[in-house]
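Numbering (the numbering used here), first residue to last: 3 to 215.
Working notes, structure below.
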Amino acid sequence: MGCATSKRSKRPPGYEEPTVLAAETPFTVSEVEALHELYKKLSNSIIADGLIHKEEFQLALFKNRNRSNLFADRIFDLFDVKRNGVIEFGEFVRSLGVFHPNAPVADKIAFAFRLYDLRQTGFIEREELKEMVLALLHESDLVLSEDFVQTIVDKTFSEADTKGDGKIDLEEWKEFVSKHPSLIKNMTLPYLKDITLAFPSFVVRSEIEDSEV
3 MGCATSKRSK RPPGYEEPTV LAAETPFTVS EVEALHELYK KLSNSIIADG
53 LIHKEEFQLA LFKNRNRSNL FADRIFDLFD VKRNGVIEFG EFVRSLGVFH
103 PNAPVADKIA FAFRLYDLRQ TGFIEREELK EMVLALLHES DLVLSEDFVQ
153 TIVDKTFSEA DTKGDGKIDL EEWKEFVSKH PSLIKNMTLP YLKDITLAFP
203 SFVVRSEIED SEV
């Protein structure tokens, strides 16, 4: 009994039992346990405190702890549900669950919407979309002219902003994505059905694949 208690006391803040997380996500108990092994590796890569800090997250995604990137920042912020500057294990599993092939499409659409809603106003505004497009291009090592980027933004708004109020709300976003499902292609990671101990660098990989089509 003493050992069990001492084991529990060593659990880092935010740890949740695999059975609980499996019941609330598309993952099985064994997959959650495998994710915990991955989580332990990531959360001790720079600061050995059992929590994923932003530098550790960036190191896992981009192999560079000091590389500043808006897209990585947004992903981190959305994983950090409690907004306490770290990603706890429960947050890690629940957030990754959105990217599971069996996760509801509505969850993927909502996550993508929040990704682009940089200022958390409940709308995607022109400047926010432009900032995200530039960040994605930067991550894919693509260089496009200012005019071309503006054309992408203008075309998106001309089709998505059906109310004509200069911003895209969630309902407009859902409708837009239903016509262009490729927009949330990188919201599904097929290999989450077969968990490995390699962190999913979905951000960079998906965008590079798209640029090569």
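From the three backbone atoms N, C-alpha and C, an ideal C-beta is built for every residue, glycine too.
Just so we're clear, the structure is a prediction, and the values are computed from it rather than from any experiment.
Expected contact under 8 Å - CB spacing of residue i and residue j to nearest Å
{"i": "Ile170", "j": "Phe101", "result": "About 22 Å; that fails the 8 Å criterion."}
{"i": "Ala114", "j": "Asn71", "result": "Contact doesn't hold; Cβ gap of about 17 Å is too wide."}
Beta-carbon proximity of residue i to residue j, cut-off 9 Å
{"i": "Phe78", "j": "Tyr41", "result": "no"}
{"i": "Ala62", "j": "Leu44", "result": "yes"}
{"i": "Gly16", "j": "Val88", "result": "yes"}
{"i": "Ile154", "j": "Val179", "result": "no"}
{"i": "Gly99", "j": "Glu26", "result": "yes"}
{"i": "Arg76", "j": "Leu37", "result": "no"}
Residue i versus residue j: straight-line alpha-carbon distance, rounded
{"i": "Glu133", "j": "Val83", "result": "22 Å"}
{"i": "Leu23", "j": "Gln152", "result": "42 Å"}
{"i": "Ser184", "j": "Leu194", "result": "19 Å"}
{"i": "Arg128", "j": "Leu139", "result": "17 Å"}
{"i": "Asn104", "j": "Phe73", "result": "24 Å"}
{"i": "Glu19", "j": "Arg13", "result": "10 Å"}
{"i": "Glu177", "j": "Ala112", "result": "12 Å"}
{"i": "Asp212", "j": "Asp167", "result": "At Asp212 the pLDDT is 44, less than 50, meaning the model places this residue with poor confidence and gives no usable figure here."}
{"i": "Asp196", "j": "Asp149", "result": "42 Å"}
{"i": "Lys187", "j": "Ala50", "result": "34 Å"}
{"i": "Arg116", "j": "Thr30", "result": "27 Å"}
{"i": "Ser8", "j": "Ile48", "result": "With a pLDDT of only 44 at Ser8, under 50, the local geometry of the prediction cannot be trusted, and the value read off the model is given with reservation. When rounded, the distance between both Cα atoms is 25 Å."}
{"i": "Thr164", "j": "Lys181", "result": "13 Å"}
{"i": "Lys110", "j": "Ser32", "result": "23 Å"}
{"i": "Asn46", "j": "Gly52", "result": "6 Å"}
{"i": "Lys56", "j": "Thr190", "result": "22 Å"}
{"i": "Pro192", "j": "Ser147", "result": "33 Å"}
{"i": "Ala162", "j": "Asp143", "result": "27 Å"}
{"i": "Val145", "j": "Asp156", "result": "18 Å"}
{"i": "Ser160", "j": "Arg85", "result": "34 Å"}
{"i": "Pro28", "j": "Glu58", "result": "25 Å"}
Pick from the options that is closest to residue i, judged by C-alpha positions
{"i": "Ile54", "options": "Glu39, Val155, Phe94 and Pro106", "result": "Phe94"}
{"i": "Ser97", "options": "Asp163, Val34, Thr123 and Asp149", "result": "Val34"}
{"i": "Glu141", "options": "Ala114, Trp175 and Gln60", "result": "Gln60"}
{"i": "Thr123", "options": "Leu172, Asp143 and Glu58", "result": "Leu172"}
{"i": "Thr158", "options": "Leu146, Leu131, Ala137 and Lys165", "result": "Leu131"}
{"i": "Tyr118", "options": "Lys56, Trp175, Ser160 and Asp109", "result": "Trp175"}
Contact test: residue i Cβ vs the ligand SAH heavy atom, cutoff 8 Å
{"i": "Leu23", "result": "Of ligands this structure carries none, so the ligand SAH is not represented either."}
Query raised in the report: Which ranges would you report for the alpha helix (DSSP H) in the segment 155 to 188 if only whole runs of at least 4 residues count?
Result: For the segment 155 to 188, whole alpha helix (DSSP H) runs of length 4 or above, ordered along the chain, are 172 to 181.
Requested in this report: Mind listing, in chain order, the continuous alpha helix (DSSP H) runs of no fewer than 4 residues lying wholly within the segment 42 to 109?
Outcome: Segments of the alpha helix (DSSP H) lying fully in the segment 42 to 109: 56 to 64, 72 to 81 and 91 to 99.
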